[in-house]
Structures are given as structure tokens and as C-alpha cells.
């Protein structure tokens with residue numbers, strides 16, 4: 006599917022417009038700063054997009070206000086005592102510089118213990134923690150997929166983990182492949198499961214339409230609670246330019 010992207014101004018609000026081979030117009034507001042994005046059918050002109058945005062302007066402002074008020078982590082310096090999240094819980098980082106292999110683990114007392122060699126720079130420590138998050142997700146995700154495949158009667162051909170700037174997950178319906186955001190390692194496990202189910206449900210319905218919502222309501226009735234909890238969790242300190 007090829008796409009074409011450009012920006013328009015609606016009452017002083019910058020709006021990203023992405024035209025795709027789709028039937029319906031979809032409007033979204035994305036973290037961390039409330040960027041507005043509209044996915045529109047190719048035949049829908051900018052005037053129609055502007056009208057759709059104007060009709061939803063009050064809702065857009067409410068969503069942007071939520072993101073503005075949302076708790077956000079400060080810049081991570083990777084030093085002792087710094088707060089980091091894992092599966093929805095806040096931990097204190099405890100760094101030990103010593104000879105031996107690099108390692109990260111959760112320890113009693115609410116600590117994430119990181120063992121590094123003397124002089125290891127913050128960027129290297131940050132990459133080490135990110136890889137540890139990735140390893141945890143690699144253990145958590147397969148059981149969730151195995152749990153939900155027979156329930157949804159779908160097959161996930163492959164899956165992967167990557168850093169995504171505007172989405173918690175994505176699904177390539179044709180390939181049967183789902184991608185999950187590395188940041189999910191920081192969120193409650195129920196939120197991770199919701200995103201897994203959400204992306205797997207796209208194997209039943211490609212679009213976010215009434216049929217898709219009905220699948221979520223049937224199979225995971227509390228999905229809205231998990232979605233709201235996910236969006237209320239602290240955001241990483243990042244510039245999420247797309």
C-alpha cells in the first residue's frame with residue numbers, strides 16, 4: 006500500500022494528512038505532544054479533511070490536554086538512584102562498576118541492578134538497559150500469542166520488537182506479522198496483552214471500524230481500561246518526531 010503525506014493548517018492547528026487506499030477517514034491524536042494525524046481515502050480532498058477536523062476540534066483539544074498533563078520521565082542519565090519503569094512498576098537504578106560481563110537484573114528492594122565495566126558511558130548503559138527490556142519482552146510475548154491464537158482463530162506468522170514513535174504496535178495483515186513497541190516493557194503486563202490482542206485482531210479486520218471494535222469487546226471486554234491505563238503511564242523523555 007503506497008501512501009502520500011502532507012500537512013495542512015486547520016484553525017491554527019497543524020494536521021498531518023496521510024492518503025491511503027482505504028474506505029473511511031480516520032483521525033488520531035498521538036503522544037507525546039498531541040500531534041494530529043488524519044488517514045484519508047485518496048478521493049477525499051483537503052477541504053473534507055478540514056471539515057472533519059473542525060467537527061472533532063473539541064475532542065482533539067481534550068486529548069492534547071491529557072497528553073500535556075501526563076507524567077513524563079526526565080532525561081535519563083543512567084546513574085545510581087535514577088527511576089526506571091518495568092512492567093508498570095517504578096524501580097531505582099543501582100549501577101556497579103566492576104570487571105566481568107555486563108548484566109541487568111531486577112533485585113529485591115525495588116532495584117534494577119546494572120553491572121558495567123568502569124568508565125562505561127551513559128549511552129552504552131542506556132543501550133544495555135534497552136537490550137534487557139527487549140529480552141524481557143521476548144520471554145513475555147510468545148505465551149500471549151500462544152494464548153490468543155486459538156481464541157481468535159488466527160495465526161501470527163512472525164512477530165518482532167522495535168522502537169516506534171507513534172504506535173504501541175502494528176500489524177502487516179498480508180504477511181501475518183505483528184510489531185510491538187519496545188516501550189511496552191515499561192508498562193503493566195495487562196497493557197502489553199491488550200496491545201498483542203489489538204494487533205492480532207487486525208488479522209480478522211484490517212481497519213479500526215465497528216467490526217474491529219466488536220471483536221475487542223467480545224474477546225477482551227476490559228480493553229478500554231487497559232488502553233486508558235497504557236496512555237496514562239509515564240512517557241519516556243524522547244522527541245517523537247515522525
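Numbering (the working numbering), first residue to last: 6 to 247.
Just so you know, even glycine gets a beta-carbon here, dropped at the ideal spot from N, CA and C.
Treat the numbers as computed from the prediction; the structure is a model and nothing was measured.
Nearest to residue i by CA position, among the options, is which residue?
i: residue 50; options: 70, 29, 105; result: 29
i: residue 150; options: 197, 117, 129; result: 197
i: residue 124; options: 83, 68, 155, 230; result: 83
i: residue 65; options: 42, 146, 47, 120; result: 42
i: residue 90; options: 38, 162, 110; result: 110
i: residue 227; options: 213, 215, 216, 202; result: 202
i: residue 162; options: 176, 133, 169; result: 176
i: residue 165; options: 140, 34, 11, 231; result: 140
i: residue 105; options: 118, 96, 167, 122; result: 122
i: residue 93; options: 138, 170, 61; result: 138
i: residue 237; options: 96, 215, 44, 68; result: 68
i: residue 46; options: 53, 61, 25; result: 25
i: residue 34; options: 178, 172, 214; result: 172
Which whole-angstrom value describes the C-beta separation of residue i and residue j, a residue pair presumed to lie in contact below a C-beta threshold of 8 angstroms?
i: residue 59; j: residue 108; result: Contact doesn't hold; Cβ gap of about 54 angstroms is too wide.
i: residue 98; j: residue 114; result: Not really, about 12 angstroms apart at Cβ, beyond 8 angstroms.
i: residue 23; j: residue 13; result: The pair is not a contact, with the Cβ atoms about 12 angstroms apart (cut-off 8 angstroms).
i: residue 4; j: residue 209; result: Since the first residue of the chain shown is 6 and the last is 247, residue 4 is not available in this structure.
i: residue 144; j: residue 193; result: No, residue 144 and residue 193 are not in contact; Cβ-Cβ is about 16 angstroms, not under 8 angstroms.
i: residue 142; j: residue 190; result: 5 angstroms
i: residue 135; j: residue 187; result: 7 angstroms
i: residue 212; j: residue 27; result: 7 angstroms
i: residue 204; j: residue 231; result: Contact flag wrong, Cβ pair sits at about 13 angstroms.
i: residue 267; j: residue 31; result: Nothing in the structure corresponds to residue 267, since the chain is present only between 6 and 247.
i: residue 72; j: residue 38; result: 6 angstroms
Name the DSSP bridge partner or partners of residue i?
i: residue 33; result: 42
i: residue 119; result: 100, 109
i: residue 167; result: 186
i: residue 152; result: Note: residue 152 sits in no beta bridge, so no partner.
i: residue 95; result: 90
Is residue i helix, strand or coil by DSSP?
i: residue 249; result: Lying outside 6 to 247, the shown extent of the chain, residue 249 is not represented and no answer is given.
i: residue 173; result: coil
i: residue 89; result: strand
i: residue 21; result: strand
i: residue 14; result: strand
i: residue 47; result: coil
i: residue 28; result: coil
i: residue 9; result: strand
i: residue 61; result: coil
i: residue 158; result: coil
i: residue 54; result: helix
i: residue 248; result: Limits of the chain in this structure are 6 at one end and 247 at the other, which puts residue 248 out of reach.
i: residue 73; result: helix
i: residue 136; result: helix
Should residue i be flagged as near chain D, meaning a C-beta pair shorter than 8 angstroms?
i: residue 207; result: The structure shown contains no chain D; it is built from a single protein chain.
Could I get the ranges of all uninterrupted beta strand (DSSP E) runs contained in the segment 181-237, with 3 residues as the minimum, in chain order?
If we require 3 residues or more, the beta strand (DSSP E) runs fully inside the segment 181-237 come out as 182-186.
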